[in-house]
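Q:
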Amino acid sequence: MSSVRTDVAAMEASAGHVDQINDQIQGRMNSLRGRVESATAFWQGGSSKAFQDLMERFSAASAKHQAALTDIADKIRQSGKGYDEAEQANQAQIHQAGASGSLAGL
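Numbers 243 to 348, taken from this note's numbering, label the letters of the sequence shown in order.
Structure (structure tokens):
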């Protein structure tokens, strides 16, 4: 039987790191978007339309990426909370069993 060991504080730190990376990526994407959009004034006709379509796909992909990273960080936090709650419940059961005297014959 395998056992799962975890450190809730480490899980929270990991989730925070995912949030930081997500923020950094979004900052860079927004910066890139700003630089590129300032150049669109020089584009005309079919090239302008193709470029606008590309930027729309870029924005949609960026939003999906951001949502995925946010979801990962949230799930790490939820898992840490679940492990912590299970650990507290296990400790309470052990204390209750010891206090009830049900371990007296062991």
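Quick reminder that beta carbons are idealized off the backbone N, C-alpha and C, glycines included.
The ligand PLP heavy atoms versus the CB of residue 336: any closer than 7 Å?
A: By its list of ligands, the structure shown contains no ligand whatsoever, and the ligand PLP lies outside what it can speak to.
Q: Please classify residue 275: does DSSP put it in a helix, a strand, or coil?
A: Of the three classes helix, strand and coil, the one that applies to residue 275 here is helix, per DSSP.
Q: Would residue 311 and residue 263 qualify as a contact pair, given that the criterion is a beta-carbon distance under 8 Å?
A: A contact, by the Cβ cut-off of 8 Å.
Q: With contact counted as at least three CB pairs below 8 Å, one residue from each stretch, are the segment 246-257 and the segment 294-308 in contact?
A: No: the two stretches stay apart, fewer than three of their Cβ pairs being nearer than 8 Å.
Q: Check whether the segment 328-338 and the segment 279-288 touch, using three or more Cβ-Cβ pairs below 8 Å as the test.
A: Touching, no.
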